[in-house]
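Asker:
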Amino acid sequence: DFTGISPEFYTNVAAPGPMAHFLALLGAVLMRAGQNELAAAATEQAVALDPGNPRILMNLGVLETRGGNFVPARRIYERALALLPEDPTLLYNLGQLCQQQGLYDEAIRHYAAALAGNPRLADAYLSLAWCQVRTNRLGPARIILGRFLATLPGDARRGQALAMLKQLETMQ
Numbered sequence: 001d002f003t004g005i006s007p008e009f010y011t012n013v014a015a016p017g018p019m020a021h022f023l024a025l026l027g028a029v030l031m032r033a034g035q036n037e038l039a040a041a042a043t044e045q046a047v048a049l050d051p052g053n054p055r056i057l058m059n060l061g062v063l064e065t066r067g068g069n070f071v072p073a074r075r076i077y078e079r080a081l082a083l084l085p086e087d088p089t090l091l092y093n094l095g096q097l098c099q100q101q102g103l104y105d106e107a108i109r110h111y112a113a114a115l116a117g118n119p120r121l122a123d124a125y126l127s128l129a130w131c132q133v134r135t136n137r138l139g140p141a142r143i144i145l146g147r148f149l150a151t152l153p154g155d156a157r158r159g160q161a162l163a164m165l166k167q168l169e170t171m172q
């Protein structure tokens, strides 16, 4: 019996904002559970309801990237970036997309911008250093790894950074 539910409940559930938020959360949960197809369906519905929400767009970009759909992912990230031009997570995700496409110089720019906005993004340091190595910029890679170790001394990926530095010692 739903007679005791106020009319405001129905109005709020039917409004694009709350429903888009619900679908976006559902998409995020499904994404974390590895249910990418279901996550994409929920997230696409959220975008349809709230096309100007950069966080929802970012999640859809992640799903497109995971699916190997790089062109749509890039368009989605660029839409989100127009709304949040300095968002560190968005810049990191765009760096990941560029890295996967072999666009290392562009990935380097996005990772550097992400770290300028949030120097605690551990994965951005490691990805930035990796891209520097891929473009034969060994000195900058060492500097980035050193900055990672100094900024995040207790991070679980410390061993990975030290291993990368050790490998760099053997490279010319």
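Going by the numbering used here, the first residue of the sequence shown is number 1, and it counts up by one from there. Glycine residues also receive a C-beta, built at the ideal position from the N, C-alpha and C atoms. Just so it is clear, the structure is predicted and the values come from calculations on it, not from any experiment.
Does the Cβ of residue 59 lie closer than 7 Å to at least one heavy atom of the ligand HEM?
Answerer: The model depicted lacks the ligand HEM and carries no ligand whatsoever.
Asker: Is DSSP giving residue 85 helix, strand or coil here?
Answerer: Locating residue 85 in the sequence shown gives position 85, where the first residue counts as 1. Of the three classes helix, strand and coil, the one that applies to residue 85 here is coil, per DSSP.
Asker: Please return the same chain residues whose Cβ sits closer than 7 Å to the Cβ of residue 171, not counting the five positions on each side in sequence.
Answerer: Stepping through the sequence shown from its first residue, residue 171 is reached at position 171. So the list reads 138, once near-sequence residues are dropped.
Asker: Can you list, in chain order, the residues of its chain with a C-beta nearer than 6 Å to that of residue 122? Leave out the 5 residues immediately preceding and following it.
Answerer: On the sequence shown, residue 122 is found 122 positions in, with the first residue counted as 1. Result list for residue 122: 152, 155, 157, in chain order.
Asker: Report the three-state DSSP secondary structure of residue 74 (helix, strand or coil).
Answerer: Here residue 74 corresponds to residue number 74 of the sequence shown, with the count starting at 1. Looking at residue 74 - three-state DSSP - the assignment turns out to be helix.
Asker: Shortest alpha-carbon distance to residue 114 belongs to which of 103, 136, 96?
Answerer: For the purposes of this step, residue 114 is identified with residue 114 of the sequence shown, where counting begins at 1. The shortest C-alpha separation from residue 114 is found at 96.
Asker: Apart from the five residues on each side of it in sequence, which residues of its chain come closer than 7 Å, Cβ to Cβ, to residue 119?
Answerer: As a working mapping, residue 119 is identified with position 119 in the sequence shown. Only 151 meet the Cβ criterion.
Asker: So, with DSSP's three-state summary, where would you put residue 35?
Answerer: By one-based count along the sequence shown, residue 35 stands at place 35. DSSP places residue 35 in coil when its eight states are reduced to three.
Asker: Whole-angstrom Cβ separation of residue 58 and residue 26, contact assumed at under 8 Å?
Answerer: Numbered from its first residue, the sequence shown carries residue 58 at position 58. Numbered from its first residue, the sequence shown carries residue 26 at position 26. Contact flag wrong, Cβ pair sits at about 16 Å.
Asker: By DSSP, does residue 99 sit in helix, in strand, or in coil?
Answerer: Within the sequence shown, numbered from 1, the residue matching residue 99 stands at position 99. Here residue 99 sits in helix by DSSP.
Asker: Write down the C-beta distance between residue 107 and residue 99 rounded to the nearest angstrom, noting that I regard them as a contact closer than 8 Å.
Answerer: Taking the first residue of the sequence shown as position 1, residue 107 is located at position 107. Taking the first residue of the sequence shown as position 1, residue 99 is located at position 99. Rounded, the Cβ-Cβ distance is 4 Å, consistent with contact.
Asker: Please list the terminal residues of the continuous alpha helix (DSSP H) segment that includes residue 105.
Answerer: Position 105 of the sequence shown, counting from 1, holds the residue named residue 105. Where residue 105 is concerned, the enclosing alpha helix (DSSP H) stretches over 104-117.
Asker: For residue 61 and residue 48, which I take to be in contact (beta-carbon distance under 8 Å), what is that distance rounded to the nearest angstrom?
Answerer: In the sequence shown, counting from the first residue as 1, residue 61 sits at position 61. In the sequence shown, counting from the first residue as 1, residue 48 sits at position 48. The Cβ separation is near 15 Å, so there is no contact.
Asker: Compare the Cα-Cα distances from residue 169 to each of 125, 141, 148 and report the closest residue.
Answerer: On the sequence shown, position 169 is the one that residue 169 refers to. Closest by alpha carbon: 141.
Asker: Assuming residue 50 is part of the alpha helix (DSSP H), what are its boundary residues?
Answerer: As a first step, residue 50 is located in the sequence shown; it is residue number 50 there, counting from the start. Careful: residue 50 lies outside any alpha helix (DSSP H) and carries neither H nor E.
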